[in-house]
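Student: My questions all concern the structure below.
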């Protein structure tokens with residue numbers, strides 16, 4: 001198929017998902033399960049349409065279309081542009097593909113819901129998924145804000161959807177406050193950029209910013225705008241110190257919703273930050289923005305991993321691990337090297353797969369046993385072996401055990417960090433990984449592998465649909481590792497190529513498309529340094545897990561200062577967010 | 593003259609943020625957020641200001657004029673005003689969700705004190 005016929009198709013996947021969202025509540029009137037079926041069909045259709053574009057885009061060609069046919073004139077784009085580069089297409093495919101699996105899983109786990117509930121749930125699910133695909137493909141900064149808000153609106157409702165647990169209300173309020181503030185921040189950031197340059201298109205903005213930087217000092221307005229955008233999208237991505245909402249939202253929501261939030265939604269923030277920092281502002285601005293991202297990333301990676309170590313609530317543990325993994329992604333982006341950026345794209349894919357799998361497992365454990373706390377679980381490996389196997393696959397992928405995908409993506413990020421000459425940052429990443437291994441090993445032991453003194457009062461059955469969901473996601477986790485070669489050369493490397501070539505991306509978005517050769521990203525499975533680092537993380541992590549299981553009080557005592565930060569007060573969390581905005585703005589104003 | 597607008601927007605934003613950070617009453621937090629929201633509208637409308645301009649309402653060209661003359665008039669920036677319209681719509685939806693959550697919270701906890709509704713911590 002020629003690019004000329006493919007490009008106009010780009011908005012269609014989003015339209016399909018949004019149309020599904022509109023039809024779902026109506027479908028509920030016909031049959032109780034129809035909305036969930038509709039959600040699966042819509043997500044699969046969107047995936048199929050995106051897959052049509054995949055060979056062209058991963059072949060190095062950027063597809064772009066201008067909504068309503070308003071073409072750019074003399075480098076000024078008036079209409080909204082939708083562009084598919086390998087980075088955005090990967091995220092869009094993950095969002096729609098994993099979204100289809102999650103929708104199918106919901107059909108099985110939550111099939112006990114009533115007619116109206118299933119209709120509303122499917123509508124919100126598709127609305128959120130559509131917003132994610134839209135944010136992945138848009139090349140317009142105000143349009144990005146709109147998708148951000150659409151995703152936010154759907155996420156508020158999904159967080160507070162299941163009110164049988166009152167903590168859902170508390171969580172929904174915190175999500176609302178923090179995401180609303182983040183929305184203001186993004187809104188003002190976009191408006192500042194527009195009022196300074198009169199442009200909204202990513203490419204046109206890049207060229208305007210590039211001209212401003214070439215005149216010498218980049219104006220303060222542009223610096224503040226970047227700080228606001230990083231803080232706003234950092235809130236969506238759950239980066240420390242903007243993360244207050246994330247653990248609460250995941251604790252309160254049922255498994256498939258947590259999987260949707262953690263596996264798919266938080267990446268919206270990461271994709272937006274990647275685009276704005278690398279493709280819109282680009283390397284020529286002389287701002288210390290990569291340093292800022294590295295610090296935010298390390299704070300998230302290590303700080304949140306510390307909080308997982310003695311966490312008793314299984315889903316909360318996984319939520320903190322999400323913050324930690326998003327920190328790793330941020331550090332990878334901030335290397336701005338082919339290796340590190342390709343590793344980030346690859347890790348984004350891996351994280352979506354393994355975190356969706358882990359959250360579905362955790363949700364299923366809660367669903368089957370009625371217990372939320374690790375201290376009340378145990379013995380599930382013998383009673384529900386499929387569930388245990390799925391959890392172990394997910395945890396092993398987080399830990400980066402070959403041949404699973406985590407090994408490759410984290411290895412690429414490591415080599416990117418080393419290429420920029422930052423051994424301390426690498427040490428920080430290794431500490432975070434060691435802590436993740438410890439936390440997940442502890443969780444797996446406590447929930448699945450230790451003996452439970454008394455039998456469960458009642459233990460639900462694992463429905464075939466749920467087992468199928470685990471099977472698909474676990475198989476995808478394994479495939480993401482086994483197919484490392486093609487994924488790296490055909491997906492991650494082209495994505496890194498476009499991300500790191502800001503002028504090329506700008507030109508392609510403004511001139512109806514373009515081509516770009518993928519950079520060479522070397523990687524060897526048997527690299528001795530990488531294997532040694534992995535061994536250190538695994539051994540250290542397992543030792544730490546033993547310590548956390550044997551002496552939980554002592555470990556909790558050591559972590560008291562970190563744990564005290566999570567006060568549970570919405571005022572405090574908003575304060576962290578505001579302080580973070582001020583700090584990022586101050587650094588960007590003074591530096592460079 | 594326009595500097596006053598920027599100052600007013602900054603003061604409104606700071607007031608709203610102060611309320612969000614310091615008040616524990618959930619309804620007051622929502623009101624603080626509304627203040628912050630209004631301040632962003634004021635900021636955007638002020639940024640759209642052009643000296644001596646009129647409202648960006650483009651009707652038919654004056655009798656005998658061609659359509660391209662329309663673009664030569666001195667009008668305020670319509671794009672920023674458009675942003676505000678979009679944000680007002682989003683803001684209304686969000687305030688609705690907000691108040692629904694507060695009402696349900698008040699029904700359940702018999703309290704709107706954020707300090708008493710913090711089961712989720714650490």
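Residue numbers (our numbering), protein chains in the order written: chain A, 1 to 592; chain B, 593 to 714. Ideal placement from N, C-alpha and C gives every residue a C-beta, glycine not left out. Remember, predicted model here, so these are calculated numbers, not experimental data.
1) I need the DSSP call for residue 545(A), collapsed to helix, strand or coil.
2) Cβ of residue 262(A) less than 8 angstroms from any chain B Cβ?
3) Please report the straight-line C-alpha distance between residue 180(A) and residue 522(A), rounded to a whole angstrom.
4) If you measure beta-carbon to beta-carbon, which residues of the region 186-201 of chain A are closer than 7 angstroms to chain B?
5) Distance, Cα to Cα, residue 70(A) vs residue 136(A)?
6) Using a C-beta to C-beta distance shorter than 7 angstroms, which residues of chain A count as neighbours of residue 714(B)?
7) Do you know how far the Cα of residue 340(A) is from the Cα of residue 573(A)?
8) Note down, one range per segment and in chain order, each alpha helix (DSSP H) of at least 4 residues found wholly within the region 374-400 of chain A.
9) By Cβ distance below 6 angstroms, which residues in the same chain neighbour residue 333(A) in space, the five residues on each side in sequence not counted?
10) Which chain A residues are close to residue 619(B), counting only those with a beta carbon under 8 angstroms from its beta carbon?
11) With H, G and I counted as helix, E and B as strand and the rest as coil, what does DSSP make of residue 162(A)?
12) Please classify residue 670(B) as buried or exposed, where buried requires at least 16 other C-beta atoms within 10 Å of its C-beta.
13) Which residue comes first and which comes last in the alpha helix (DSSP H) that contains residue 101(A)?
14) Alpha carbon to alpha carbon, what distance is there between residue 349(A) and residue 249(A)?
15) Any contact of the region 510-529 of chain A with the region 92-101 of chain A, i.e. 3+ C-beta pairs under 8 angstroms?
16) In the DSSP output, which residue or residues are listed as bridge partners for residue 140(A)?
17) How big is the Cα-Cα spacing for residue 328(A) and residue 264(A)?
18) Mind checking residue 413(A): buried by the 16 CB within 10 Å criterion, or exposed?
19) Under the three-state reduction of DSSP, which class applies to residue 33(A): helix, strand or coil?
20) What residues in its chain sit with their C-beta under 8 angstroms from that of residue 450(A), if we drop five residues either side in the sequence?
21) Measuring only the C-alpha atoms, how far is residue 24(A) from residue 288(A)?
22) If we ignore side chains and look at the alpha-carbon of each, how far apart do residue 134(A) and residue 147(A) end up?
23) Should residue 709(B) go down as buried or exposed, given a rule of 16 or more other Cβ atoms within 10 Å for buried?
24) Distance, Cα to Cα, residue 668(B) vs residue 204(A)?
25) For the beta strand (DSSP E) containing residue 62(A), name the first residue and the last one.
26) Would you kindly check if the distance between the Cβ of residue 305(A) and the Cβ of residue 436(A) is under 8 angstroms?
27) Among 187(A), 182(A), 430(A), 103(A), which one has its Cα closest to the Cα of residue 678(B)?
28) Return the CA-CA distance between residue 7(A) and residue 153(A), expressed in angstroms with no decimal places.
29) According to DSSP, what are the bridge partners of residue 617(B)?
30) What is the rounded straight-line gap between the Cα of residue 5(A) and the Cα of residue 397(A)?
31) Tell whether a beta-carbon distance below 8 angstroms holds between residue 478(A) and residue 417(A).
32) Note down, in chain order, every chain B residue with its Cβ under 8 angstroms from the Cβ of residue 302(A).
33) Is residue 543(A) near the ligand MG, with its Cβ less than 7 angstroms from a heavy atom?
34) Can you find a CB in chain A that lies within less than 8 angstroms of the CB of residue 606(B)?
35) Show which residues of chain A have a CB atom less than 8 angstroms away from the CB atom of residue 628(B).
36) Buried or exposed for residue 646(B), please, with buried defined as at least 16 other CB atoms from any protein chain shown within 10 angstroms of its CB.
Tutor: Straight from the coordinates:
1) On the first chain, residue 545(A) is found 545 positions in, with the first residue counted as 1. Correct three-state label for residue 545(A): helix.
2) Mapped onto the first chain, residue 262(A) falls at position 262. Not closer than 8 angstroms to any Cβ of chain B, the Cβ of residue 262(A) fails to qualify, so no.
3) As a first step, residue 180(A) must be located in the first chain, where it is residue number 180. As a first step, residue 522(A) must be located in the first chain, where it is residue number 522. Approximately 42 angstroms between the Cα atoms of the pair.
4) 187, 188, 191, 194, 195
5) The residue given as residue 70(A) occupies position 70 in the first chain. The residue given as residue 136(A) occupies position 136 in the first chain. Using only the alpha carbons, I get a separation of about 21 angstroms.
6) Translated into the one-based positions of the second chain, residue 714(B) becomes position 122. Correct list: 563, 566.
7) As a first step, residue 573(A) must be located in the first chain, where it is residue number 573. As a first step, residue 340(A) must be located in the first chain, where it is residue number 340. About 31 angstroms.
8) 380-383, 385-399
9) Reading the first chain from its first residue, position 333 is the one you call residue 333(A). If we look at residue 333(A) and ignore the five residues flanking it on each side, its Cβ neighbours are 274, 344.
10) Taking the first residue of the second chain as 1, we reach residue 619(B) at position 27. Within 8 angstroms Cβ-Cβ: nothing; residue 619(B) doesn't reach chain A, min ~11 angstroms.
11) Here the question's residue 162(A) lines up with position 162 in the first chain. Coil, per DSSP.
12) Locating residue 670(B) in the second chain gives position 78, where the first residue counts as 1. Exposed, since its Cβ has fewer than 16 Cβ neighbours within 10 Å.
13) Sequence index remark: in the first chain, residue 101(A) carries index 101 (1-based). Unbroken alpha helix (DSSP H) run through residue 101(A): 86-109.
14) Residue 249(A) sits at position 249 when you count from the first residue of the first chain. Residue 349(A) sits at position 349 when you count from the first residue of the first chain. If you take the alpha carbons of residue 249(A) and residue 349(A), they lie about 22 angstroms apart.
15) no
16) For the purposes of this step, residue 140(A) is taken as residue 140 along the first chain, with counting starting at 1. 201(A), per the DSSP bridge assignment.
17) In the first chain, counting from the first residue as 1, residue 328(A) sits at position 328. In the first chain, counting from the first residue as 1, residue 264(A) sits at position 264. Using only the alpha carbons, I get a separation of about 16 angstroms.
18) Counted from its first residue, the first chain places residue 413(A) at position 413. Buried.
19) Position 33 of the first chain, counting from 1, holds the residue named residue 33(A). Three-state result, residue 33(A): coil.
20) Mapped onto the first chain, residue 450(A) falls at position 450. 378, 379.
21) As a first step, residue 24(A) must be located in the first chain, where it is residue number 24. As a first step, residue 288(A) must be located in the first chain, where it is residue number 288. Computed Cα separation, rounded: 46 angstroms.
22) Your numbering for residue 134(A) matches position 134 in the first chain. Your numbering for residue 147(A) matches position 147 in the first chain. Their Cα atoms are separated by approximately 6 angstroms.
23) If you number the second chain from 1, residue 709(B) lands on position 117. It is buried - the Cβ of residue 709(B) has at least 16 other Cβ atoms within 10 Å.
24) For the purposes of this step, residue 668(B) is identified with residue 76 of the second chain, where counting begins at 1. For the purposes of this step, residue 204(A) is identified with residue 204 of the first chain, where counting begins at 1. If I take the Cα positions, the gap works out to 22 angstroms.
25) For the purposes of this step, residue 62(A) is identified with residue 62 of the first chain, where counting begins at 1. Segment 61-66, the beta strand (DSSP E) holding residue 62(A).
26) Walking along the first chain from the start, residue 436(A) turns up at place 436. Walking along the first chain from the start, residue 305(A) turns up at place 305. The answer is yes: Cβ separation under 8 angstroms.
27) In the second chain, the residue the question calls residue 678(B) occupies position 86. The candidate whose alpha carbon is nearest that of residue 678(B) is 187(A).
28) Mapped onto the first chain, residue 7(A) falls at position 7. Mapped onto the first chain, residue 153(A) falls at position 153. Rounded to whole angstroms, residue 7(A) to residue 153(A) spans 29 angstroms at the Cα level.
29) Within the second chain, the letter at position 25 stands for residue 617(B). DSSP output for residue 617(B) lists 705(B) as bridge partner(s).
30) Position 5 of the first chain, counted from the start, is the residue given in the question as residue 5(A). Position 397 of the first chain, counted from the start, is the residue given in the question as residue 397(A). The straight-line gap from Cα to Cα measures roughly 38 angstroms.
31) On the first chain, position 478 is the one that residue 478(A) refers to. On the first chain, position 417 is the one that residue 417(A) refers to. In this structure, residue 417(A) does not lie closer than 8 angstroms to residue 478(A) by Cβ.
32) As a position in the first chain, residue 302(A) is number 302, starting the count at 1. What residue 302(A) touches in chain B: nothing, since even the nearest Cβ is about 17 angstroms away.
33) In the structure on display, the ligand MG does not appear, and there are no ligands present to speak of.
34) Counted from its first residue, the second chain places residue 606(B) at position 14. No, no contact with chain A.
35) Translated into the one-based positions of the second chain, residue 628(B) becomes position 36. The contacting residues are 181, 184.
36) Counting from 1 along the second chain, the entry for residue 646(B) is found at position 54. Its Cβ having fewer than 16 others within 10 Å, residue 646(B) is exposed.
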